[in-house]
Amino acid sequence: MKHPGRTIWVLAVLLLLVMFFSLFLGRYPTPFWLSPLQIATDPLAAALVWDFRLPRILLAVLLGAALSTAGFAMQMVFRNPLVEPGFLGVSQGAAFGSALTIVAFGGSLALAEGLAALFAILGLLLSYLFARAIRYGGWVLRLVLAGIAVSALFAAGVGMLKFVADPLRQLPEIVFWLLGGLSGARWEQVWYVLPFALIGLLVLFLLRWRLNLLSLDDATAFSLGIHPGRERWLVLLAAVLPVAALVSVSGIVGWVGLIVPHFSRRLVGANARWALPVAMLLGAIFVLLCDDLARTVLAGEIPLGILTSLVGALLFLWLFVRFTPRERKAA
Amino acid sequence: MSALSVRQVRYAYPGGPERLAGIDLELPEGQVTALLGPNGAGKTTLLYLLLGWLQPVSGQIRVEQQPLATFSRRAMARIMGLVPQQERTVFEFSVGDFVLLGRAAYLGLTEAPLGSDLTIARQALEEVGIGHLERRMLSTLSGGERQLATIARALAQQPHILLLDEPTAHLDLSHQGRLLQVLSDLAGHGVTVLFTTHDPNAAASVADYLVLMAQGQVKAAGPLSEVLNSALLSETYGVGIEVIRLAGRPYVRRLEWPRG
Numbered sequence: 005m006k007h008p009g010r011t012i013w014v015l016a017v018l019l020l021l022v023m024f025f026s027l028f029l030g031r032y033p034t035p036f037w038l039s040p041l042q043i044a045t046d047p048l049a050a051a052l053v054w055d056f057r058l059p060r061i062l063l064a065v066l067l068g069a070a071l072s073t074a075g076f077a078m079q080m081v082f083r084n085p086l087v088e089p090g091f092l093g094v095s096q097g098a099a100f101g102s103a104l105t106i107v108a109f110g111g112s113l114a115l116a117e118g119l120a121a122l123f124a125i126l127g128l129l130l131s132y133l134f135a136r137a138i139r140y141g142g143w144v145l146r147l148v149l150a151g152i153a154v155s156a157l158f159a160a161g162v163g164m165l166k167f168v169a170d171p172l173r174q175l176p177e178i179v180f181w182l183l184g185g186l187s188g189a190r191w192e193q194v195w196y197v198l199p200f201a202l203i204g205l206l207v208l209f210l211l212r213w214r215l216n217l218l219s220l221d222d223a224t225a226f227s228l229g230i231h232p233g234r235e236r237w238l239v240l241l242a243a244v245l246p247v248a249a250l251v252s253v254s255g256i257v258g259w260v261g262l263i264v265p266h267f268s269r270r271l272v273g274a275n276a277r278w279a280l281p282v283a284m285l286l287g288a289i290f291v292l293l294c295d296d297l298a299r300t301v302l303a304g305e306i307p308l309g310i311l312t313s314l315v316g317a318l319l320f321l322w323l324f325v326r327f328t329p330r331e332r333k334a335a
Numbered sequence: 010m011s012a013l014s015v016r017q018v019r020y021a022y023p024g025g026p027e028r029l030a031g032i033d034l035e036l037p038e039g040q041v042t043a044l045l046g047p048n049g050a051g052k053t054t055l056l057y058l059l060l061g062w063l064q065p066v067s068g069q070i071r072v073e074q075q076p077l078a079t080f081s082r083r084a085m086a087r088i089m090g091l092v093p094q095q096e097r098t099v100f101e102f103s104v105g106d107f108v109l110l111g112r113a114a115y116l117g118l119t120e121a122p123l124g125s126d127l128t129i130a131r132q133a134l135e136e137v138g139i140g141h142l143e144r145r146m147l148s149t150l151s152g153g154e155r156q157l158a159t160i161a162r163a164l165a166q167q168p169h170i171l172l173l174d175e176p177t178a179h180l181d182l183s184h185q186g187r188l189l190q191v192l193s194d195l196a197g198h199g200v201t202v203l204f205t206t207h208d209p210n211a212a213a214s215v216a217d218y219l220v221l222m223a224q225g226q227v228k229a230a231g232p233l234s235e236v237l238n239s240a241l242l243s244e245t246y247g248v249g250i251e252v253i254r255l256a257g258r259p260y261v262r263r264l265e266w267p268r269g
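Residue numbers (the numbering used here), protein chains in the order written: chain R, 5 to 335; chain H, 10 to 269.
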């Protein structure tokens, strides 16, 4: 028998350690390491750590926690382990909002973030409305179909905006946003994201045992004494709000919400009571480490979305090649 | 006393033809009732109406003398449990975690099961005779063990009424026997049991009461010995069927293969 409680404590301590050491990691004054002593003596180093690195670390932690927790919750309520939080038009909606700002309104940062969040929510709403209108299949299948269609519509819109964008000024900006990254992280963004992230994550954390019930088929969940439809919406809303807020700041950071829930279930089993907090912590550590790499390895910044996809996809392959279903059953 | 009563219930799937045409039914308390009928008779539809998952087009269902609609979802789940047919789970739960899901009706929105819930879940596992499987993964169980685990989950609801949809389908003979014995024991402890089956012998081996259904209607209902007769069964199933007695219980056998 595994010890899920112990795993959670170990991961929590690990996250704090990684956060602490990330403060000293970077390319000033020399690549990779900033001595703690220098923060006390060099005002530039201190400013760098408190005004740039700390908010960036916090955003990376929130981003990782939000993506992986939302991915975990959505996989359970959709009864499909291949769902991720960008699903239901959220990611492509955010991408469209941000590209629209860059092309039509000259790309003010605050406006881009606002419109990205707005269109992310709009993506979710459209997916919901279409799912209600579709006359085919059960509720879960209809949401999946609607989500695919709405994502494709927004993706077409992004393609159109890229096509009409000024190739020297606007196009690189759109492409960079689509690749995802936290290079622009400042305290204002932390304050803007924080309430959405905390409320969404708290609701998911509190409802985590119920997620197990929502992963059963609807009639069965109903027979156990819950209203599956209502509770599913509560969970989806709590999952999408923090993702929409964070994606509006970070751009598209792929694979985290898909892969981290798989690892957390491998660590402590499928019971969401333990696996959800594990996914939350594991996601935060994963994105923070990727972001540390993104800002340290090269003199220029590597887009975070590239790293999470690269590492995430490799881990995903390793996970499924290394552990066959048979070994899992014997374990 | 009847635990469940159904009056003139009609049901049609939205936009579809009528599925159940004026069902009348009384479920005697603390007894095993079998809902017997050929495939497509409307047995499962009736079960989901009794559960409240489907709403009748007309007619009334009363649970313990109260209209079904007056119960809250939680209150209902404390009275009635369901064992669905061939339930599939996407995620790999342990048997213990799976059975604990039966405690949902006693827990608030943000609560997780406590030690007392675990005690009840373990009792439920013991009651169906698979206490030793608590730590196994659900996916490693045989079909029969899995069905027993699903019954244990419903028992963790501490229901007065247990509904089972084709509980013996897909089970081998020894597991069938074990499962039917569990149902009979439960009725011995005062639980009202209703199970659907298309197999007359599954019904004949444990049921006290029998409801015979065909084409969305109740053909006959009453004590097993009255309803389980050759003429009624032959008519319902459309083949020659004979009821004999074997080891003190009725036994049903087919006299001919269906023609056409």
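Don't be surprised by glycine CBs; every beta carbon is placed ideally from N, CA and C. Here the structure is a predicted model, which is why all the values come from computation and not from measurement.
Proximity test, Cβ basis, 8 Å: residue i and chain H
i	result
R:A243	no
R:A223	yes
R:R83	yes
R:A283	no
R:R277	yes
R:L220	yes
R:W213	yes
R:A288	no
R:I230	yes
R:F226	yes
According to DSSP, residues forming a beta bridge with residue i
i	result
H:M146	H:S103
H:F204	H:A43, H:L173
R:F36	R:G30
H:P259	H:R254
H:G231	H:L219
H:E35	H:S14
Short CB-CB distance (under 8 Å) between residue i and chain R
i	result
H:P93	yes
H:E143	no
H:A86	yes
H:R83	yes
H:T79	no
H:G247	no
H:Y57	yes
H:L110	yes
H:V99	yes
H:S125	no
H:E290	Outside the displayed range of chain H (10 to 269) lies residue 290 of chain H, so it cannot be described from this structure.
H:G90	yes
H:K228	no
H:T119	yes
H:E96	yes
H:F102	yes
H:A256	no
Of the listed residues the options, nearest to residue i (C-alpha basis)
i	options	result
R:E371	R:I203, R:A242, R:A249, R:G141	Nothing about residue 371 of chain R can be read from this structure; chain R reaches only from 5 to 335.
H:P176	H:P168, H:Q167, H:V191	H:V191
H:L219	H:G225, H:A230, H:Q226	H:A230
R:W322	R:R270, R:D295, R:A49	R:R270
H:G51	H:E38, H:G31, H:Q95	H:G31
R:R236	R:V144, R:H7, R:V17	R:V144
H:E235	H:Q185, H:L255, H:V92, H:P259	H:P259
R:A69	R:N84, R:L245, R:V154	R:L245
R:L356	R:I289, R:F100, R:L211	For residue 356 of chain R there is no data in the structure shown, the boundaries of chain R being 5 and 335.
R:S26	R:L302, R:I306, R:V291	R:V291
H:Q132	H:A121, H:G105, H:L36, H:A114	H:G105
R:T34	R:A303, R:P307, R:R326	R:A303
R:R139	H:P23, H:L241, H:L13	H:P23
R:L286	R:P199, R:G188, R:L71	R:L71
Contact set between residue i and chain C, taken where Cβ atoms lie within less than 9 Å
i	result
R:L147	Chain labels in this structure do not include chain C; the protein chains are R and H.
For residue j and residue i, believed in contact at Cβ under 8 Å, the rounded distance
i	j	result
R:A74	R:L215	About 12 Å separates the two Cβ atoms, so there is no contact after all.
H:A213	H:V261	6 Å
R:I289	R:L15	7 Å
H:R112	H:I129	7 Å
Exercise for the section: Specify whether the stretch 55-68 of chain R and the stretch 83-95 of chain H touch according to this definition: at least 3 beta carbon pairs, one from each stretch, less than 8 Å apart. Expected result: Output reads no: the stretch 83-95 of chain H does not touch the stretch 55-68 of chain R.
Practice task
Say whether the stretch 255-269 of chain R touches the stretch 70-88 of chain R, bearing in mind that this needs 3 or more beta-carbon pairs closer than 8 Å, one atom from each stretch.
Solution key: Counting C-beta pairs with one atom in each stretch, the stretch 255-269 of chain R and the stretch 70-88 of chain R have three or more that are closer than 8 Å, which means they touch.
Exercise for the section: Tell me, please, whether the stretch 45-63 of chain H touches the stretch 197-205 of chain H by the rule of three or more beta-carbon pairs shorter than 8 Å. Expected result: Taking a cut-off of 8 Å for Cβ pairs, the stretch 45-63 of chain H and the stretch 197-205 of chain H touch, as three or more such pairs fall below it.
Practice task
Answer yes if the stretch 140-147 of chain H comes into contact with the stretch 97-109 of chain H, meaning at least three C-beta pairs across the two stretches below 8 Å, and no otherwise.
Solution key: With a cut-off of 8 Å, the stretch 140-147 of chain H and the stretch 97-109 of chain H count as touching, because enough Cβ pairs lie within range.
Exercise for the section: Give a yes or no on contact between the stretch 222-233 of chain R and the stretch 56-71 of chain H, applying the rule of three or more CB pairs nearer than 8 Å. Expected result: Enough Cβ pairs lie closer than 8 Å, so yes.
Problem - the stretch 201-215 of chain R in contact with the stretch 164-173 of chain R per 3-pair CB rule at 8 Å - result: Fewer than three pairs of CB atoms, one per stretch, sit closer than 8 Å, so the stretch 201-215 of chain R makes no contact with the stretch 164-173 of chain R.
Practice task
Please confirm if the stretch 312-321 of chain R is in contact with the stretch 131-138 of chain H, defined as three or more CB-CB distances below 8 Å between the two stretches.
Solution key: With a cut-off of 8 Å, the stretch 131-138 of chain H and the stretch 312-321 of chain R do not count as touching, because too few Cβ pairs lie within range.
Practice task
Would you be able to state if there are at least three C-beta pairs under 8 Å between the stretch 298-315 of chain R and the stretch 24-44 of chain R?
Solution key: In this structure the stretch 24-44 of chain R touches the stretch 298-315 of chain R; the number of beta carbon pairs closer than 8 Å is three or more.
Practice task
Check whether the stretch 122-137 of chain R touches the stretch 277-289 of chain R, taking contact to mean three or more Cβ pairs, one atom from each stretch, closer than 8 Å.
Solution key: The answer is no - the stretch 277-289 of chain R does not touch the stretch 122-137 of chain R, with fewer than three Cβ pairs under 8 Å.
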